[in-house]
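Below: one structure, written as structure tokens.
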Amino acid sequence: MNAQFAEARARVAEDGALLRSMYELMLLTREIDRVAGKADGHWHACEGEEAVIAACYSGLRPDDFAVPHYRGMLPASVARGADLRALLAGLAGKTTSHSGGRYRSDVCGPIEHRVIGLYSGALGPTLSYAAGTALAAKLDRRDAVTIAVFGDGTSNRGDFHEALNLAAVLKLGVVYVCQNNQFAISTPAARGVGARSIADRAPGYGIPGVAADGNDAIGLRAAVEIAIERARRGDGPTLIEALTYRISGHLVADAADYRPAEDVAAWRSRDPLARLQRHLLECGLLKRDEDERLARETRERVDAAMAQAQADPDPGADALGLQAVFAAARS
């Protein structure tokens, strides 16, 4: 652990306001999992990966861009100021969603909150979108940063190389974070990544590569802050690999019987939410009664938003018509 990281980690560990906001986002993420997983068999659960979400999307500036992994799109959007009810409505294609029911909110975030989604329907292009928003900021002489999160499977696509190479050549203000949950659907990362780690690819682009504990919210946030500061200075991108584990199947409907049960149990015991909770309680940054209140209020908030979203109207055919695709005809 170098001195810069040690200093950043110590600073984050004592920042009660930041850690509280991160903890609240992690609580929210788990509660969203609970209701969305019951309502939608295609839901990509985030259990065990909440630290990556909190470390990446907490404390961004209003002019920054977030390019989330689909496993974390909803809480990332909430962190950027999006309405929870509208996001949950997006799972059911309701008119009250940010898209008016045209696409799922767990893969396509609300652009009005500077959240960029998987508009192409494919994994990988989002890394190029991130380079694009960072290039726009550079051309405008702004120090706004883009943070792009992706999975270990996406790191093997050509888009990964193209985006990181361009970002490195142009010294773009983008932070690339690999949310390595060790499975690309059912393919173990060890069978898809030839390098010792994904972070080891960074020197090939001439940029820093950081291998981080993806279940340590404090340490990961410190690594992200260092990368953000570097990007704002105009020194270019950083590649961070956050090693974590996908507790659930790829989808809620995936039994995930291709994994040893003992591996899941071992990683479940390293729960990032419980880990941050212990730190907050032991350091006096959170009292037990406050923690219980936060948990209760978060659950009630999510339950209420989900009930409202499910009761919202479905869009009619006219709302999903050609005007959403084509410009008006010229007279």
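Taken in order, the sequence shown gives residues 0 to 330; the numbers are from numbering that gives the first Met the number 0. Glycine residues also receive a C-beta, built at the ideal position from the N, C-alpha and C atoms.
Check: In three-state DSSP terms, what is Glu46?; Outcome: coil
Check: Spatial neighbours of Leu250 within its chain, please: C-beta separation below 6 Å, excluding the five flanking residues on both sides.; Outcome: His41
Check: Three or more C-beta pairs closer than 8 Å, one from the stretch 94 to 108 and one from the stretch 6 to 25: is that the case here?; Outcome: no
Check: So, using beta-carbon positions, are Leu284 and Leu18 closer together than 8 Å?; Outcome: yes
Check: With a threshold of 7 Å, establish whether the CB of Asp158 neighbours any heavy atom of the ligand FAD.; Outcome: With respect to the ligand FAD, the structure shown offers nothing to examine, as it has no ligands at all.
Check: Suppose you measure from the CA of Glu30 to the CA of Ser76; what does that come to, to the nearest Å?; Outcome: 15 Å
Check: Less than 7 Å between C-beta atoms, sequence neighbours within five positions excluded: which residues of the same chain meet that for Gly89?; Outcome: Ser96, His97, Ser98, Arg103, Ser104
Check: Can you give me the C-alpha to C-alpha distance between Asn164 and Leu73, rounded to a whole angstrom?; Outcome: 29 Å
Check: Could you tell me the distance, in whole angstroms, from the CA atom of Asp82 to the CA atom of Ala210?; Outcome: 33 Å
Check: Once you ignore the five residues that flank Phe159 on each side, which residues in its own chain have a CB closer than 7 Å to its CB?; Outcome: Gly123, Leu126, Thr153
Check: Could you please give the first and the last residue of the uninterrupted alpha helix (DSSP H) stretch that includes Gly208?; Outcome: No alpha helix (DSSP H) contains Gly208, which is instead part of the beta strand (DSSP E) from 208 to 212.
Check: Using the Cα positions of Ala5 and Asp215, report the straight-line distance between them to the nearest angstrom.; Outcome: 14 Å
Check: Roughly how many angstroms separate the alpha carbons of Glu48 and Phe182, rounded to a whole number?; Outcome: 13 Å
Check: With Ala65 and Arg79 assumed to form a contact (beta carbons below 8 Å), what rounded beta-carbon distance in angstroms separates them?; Outcome: 6 Å
Check: Cα separation between Ile239 and Ala7?; Outcome: 15 Å
Check: So, helix, strand or coil for Ala124, using DSSP?; Outcome: Looking at the sequence shown, residue 124 is not Ala but Pro. Looking at Pro124 - three-state DSSP - the assignment turns out to be helix.
Check: DSSP state of Gly218, grouped into three classes?; Outcome: helix
Check: Buried or exposed for Ser247, going by 16 or more other Cβ atoms inside 10 Å?; Outcome: buried
Check: Could you tell me if Arg277 is buried or exposed, where buried requires 16 or more neighbouring beta carbons within 10 angstroms of its beta carbon?; Outcome: exposed
Check: If Ile206 sits next to Pro236, beta carbons under 8 Å apart, how far is it from one beta carbon to the other, in whole angstroms?; Outcome: 5 Å
Check: Three or more beta-carbon pairs under 8 Å between the stretch 127 to 136 and the stretch 57 to 71, yes or no?; Outcome: yes
Check: Do you know offhand how far Asn180's Cα is from Leu219's?; Outcome: 15 Å
Check: Nearest to Ala2 by alpha carbon, out of Val168, Gly116, Gly193, Ala221?; Outcome: Ala221
Check: Would you kindly check if the distance between the Cβ of Gly172 and the Cβ of Ala136 is under 8 Å?; Outcome: yes
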